[in-house]
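Down below is the structure, laid out as structure tokens.
Residue numbers (our numbering): 219 to 502.
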């Protein structure tokens, strides 16, 4: 499984790969999680699921990345036996192009691409998974490529699935608001959200903000001057519990929005990156 993330970006890609890895482990499969990742909390999150983590020093298109993953795939294929379902290489990231996918197939594995936007001119995977509201005609791929498209294929981690049968009661007025706009530095967006909530003039409002890599000091003034209670969370280990707490959410329109849908949280979506626009429009 190949995905990259750090404390600034790509966290959603990382977390949905963890969901797939967890599910495969529960089926008795083995997983090697390969990543160029500088974030210790993200790495710990992988390893806490009894998943082997293999760091790589560079990311594609650096040739060292492709050599490392092809070598790993070749070794895994060689060690496989006739009773196993074979080796699959799963890649998640906008930079893993057709040539990269082709190299993995030539190394002997089958390939699944986790995608969002159908942005590549060509796909060389055996399976393409897009959990968003996508259409088969968007994908220029080879005949026989399996397409897993739409919310029925949303990748949810096991800590979400324990809430499968929970019945949410939605209050007429939301007083507990979750703000989560991605793992990047979004001080301007967060400050704007706080200012907008200030206009509600609800002193009993409680707001919890998932900060990502946004330094707290950059929004300290907005927090200090706000009439209601704001809790800034630099790192969240239990996102489902946080979503369960919330009456409503203000969220970026990335992978997190599907988690909010699953948890039944009324949500206002923000487009904080251009690649989120199609998903936001489709959900709207």
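Glycine is no exception: its CB is placed at the ideal position from the N, C-alpha and C atoms.
**Study point:** For residue 456, the first and last residue of its enclosing alpha helix (DSSP H)
**Key:** From DSSP, residue 456 is part of no alpha helix (DSSP H); its letter is neither H nor E.
Check your understanding: Count the other CB atoms within 10 Å of the CB of residue 463; is the residue buried (16 or more) or exposed (fewer)?
Key -> exposed
**Study point:** C-alpha distance - residue 474 paired with residue 330, whole-angstrom precision
**Key:** 21 Å
Practice item. Taking only the alpha-carbon atoms, compute the straight-line gap between residue 367 and residue 354 and give it to the nearest angstrom. Key: 8 Å
Practice item. State the Cα-Cα distance for the pair residue 324 and residue 250, rounded to the nearest angstrom. Key: Whole-angstrom Cα-Cα distance: 19 Å.
**Study point:** residue 304 versus residue 489 - alpha carbon distance
**Key:** One C-alpha to the other measures close to 39 Å.
Check your understanding: What does a CB cutoff of less than 6 Å around residue 294 pick up in its chain, not counting 5 residues either side in sequence?
Key -> Contacts found: 305.
Exercise for review: Could you tell me whether the stretch 395-408 touches the stretch 426-443, using the rule of 3 or more Cβ pairs below 8 Å?
Suggested key: yes
Review point. In chain order, what residues of the same chain lie with their CB nearer than 6 Å to the CB of residue 234, ignoring the 5 residues before and after it?
Key: 373 and 473
Check your understanding: If you count every other CB in all the chains shown that lies within 10 Å of the CB of residue 240, and 16 or more means buried, which is it?
Key -> buried
Point to revise | Neighbourhood of residue 467 by C-beta distance below 8 Å, restricted to the same chain and skipping five residues each side | key: 395, 396, 397, 398, 461, 478, 483, 484, 485 and 486
Exercise for review: Look up residue 338 in the DSSP assignment and say whether it is helix, strand or coil.
Suggested key: coil
Check your understanding: residue 321 by DSSP, collapsed to three states: which one?
Key -> helix
Point to revise | Cβ-Cβ distance between residue 497 and residue 471 below 9 Å | key: yes
**Study point:** Proximity of residue 341 and residue 334 at Cβ, strictly below 9 Å
**Key:** no
**Study point:** Distance between residue 327 and residue 296 (C-alpha atoms, nearest Å)
**Key:** 10 Å
Exercise for review: Return the Cβ separation of residue 402 and residue 364 in integer angstroms, given the expectation that the two are a contact with Cβ distance under 8 Å.
Suggested key: Not quite, the Cβ-Cβ distance comes to about 32 Å (not below 8 Å), so this is no contact.
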